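First residue of the sequence shown: 5, per the numbering used here; consecutive thereafter.
Beta carbons are placed, not taken as given, at the ideal position from N, Cα and C, and that holds for glycine.
Keep in mind that this is a model prediction, so the values were computed, not measured.
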Amino acid sequence: RAERILRLAKAVAKGAIDLGAFERAASAAEAERLCSEVFGLGPFGVANALQLLGHYEQIAADSETARHLRQARGQRSCSLENVRTKAAQTYAPYAPLQFMRYWTELWRTYEDRMGGRACDVDPERYRLA
C-alpha cells in the first residue's frame with residue numbers, strides 16, 4: 005500500500021493528477037471514472053472515494069459486507085464472489101443514498117452487539133463489534 009500512496013502523492017505533486025478535478029466532476033459517473041484511473045484503487049477503494057466525494061450510490065463491498073448481508077439480512081448465499089451484486093440489489097431502494105443506508109445499518113448492528121451507542125459504551129466493548 006505504501007507504494008501506491010507514494011505513487012499517488014508524487015503524481016499529485018508533479019501535477020499529473022489534479023485533485024480538484026475529483027471535486028469538480030459533473031456527475032458520479034465522471035467521479036468514478038477519475039477514481040478508477042488512480043493506480044491502486046480497485047472497486048472497493050473507488051466506492052469509498054466516491055462516498056468521500058458525496059456520491060453514495062455504490063457500496064464499498066468486502067467480506068464484512070458479505071457477513072452483514074448474511075447475518076442481518078438473511079442472505080445466506082452472499083459470498084465474496086457476489087457481494088457487490090447482492091449489496092447493490094439490497095440497497096437499490098435507497099437510491100441515491102445506498103452507501104449511507106448500508107453504513108448506518110452496519111453501524112447499528114455493531115452498536116447492538118456492544119449494548120449501546122458507541123459514544124456511550126465503554127471502549128473495552130468495541131472489540132465486540
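Please name the residue in the options whose C-alpha comes closest to that of residue i.
| i | options | result |
| --- | --- | --- |
| serine 40 | Ile63, Leu54, Arg74, Tyr98 | Leu54 |
| arginine 88 | Asp124, Ala51, Arg121, Ala76 | Ala51 |
| leucine 23 | Pro47, Ala65, Leu57, Glu68 | Leu57 |
| arginine 74 | Ser31, Ala91, Glu34, Val125 | Ala91 |
| alanine 33 | Asp116, Trp111, Pro100, Thr113 | Pro100 |
| alanine 35 | Thr108, Lys18, Trp111, Gln62 | Gln62 |
| arginine 5 | His72, Ala64, Arg77, Gly49 | Gly49 |
| serine 31 | Ala17, Ala13, Ala15, Tyr60 | Tyr60 |
| threonine 113 | Ala65, Lys14, His72, Asp126 | His72 |
Grab me the residues of residue i's own chain with a C-beta within less than 8 Å of its C-beta, minus the 5 sequence neighbours each way, in chain order.
| i | result |
| --- | --- |
| alanine 96 | Gln102 |
| arginine 11 | Phe43, Gly44 |
| leucine 38 | Ala25, Phe26, Ala29 |
| alanine 17 | none |
Which residues in the same chain have their Cβ closer than 6 Å to the Cβ of residue i, if we skip the five residues on either side of it in sequence?
| i | result |
| --- | --- |
| arginine 129 | Met118 |
I need the boundaries of the alpha helix (DSSP H) containing residue i, first residue and last residue.
| i | result |
| --- | --- |
| asparagine 52 | 47–56 |
| histidine 72 | 67–77 |
| aspartate 116 | 102–118 |
| cysteine 39 | 32–40 |
| glycine 44 | Here glycine 44 belongs to no alpha helix (DSSP H), and DSSP marks it neither H nor E. |
| arginine 28 | 23–28 |
| glutamine 62 | Counting along the chain, glutamine 62 falls outside any alpha helix (DSSP H), and DSSP gives it neither H nor E. |
Who are the near neighbours of residue i in its chain, counting only those whose CB is closer than 7 Å to its CB and skipping five residues on each side?
| i | result |
| --- | --- |
| arginine 8 | Phe43, Gly44 |
| glutamate 27 | Leu57 |
| leucine 84 | Ser67, Ala70 |
| proline 47 | Arg88 |
| glutamate 115 | Arg121, Ala122 |
| arginine 77 | Thr94 |
Could you tell me whether any non-hydrogen atom of the ligand NAP is closer than 7 Å to the CB of residue i?
| i | result |
| --- | --- |
| alanine 51 | With respect to small molecules bound, the structure shown includes none, and the ligand NAP cannot be examined in it. |
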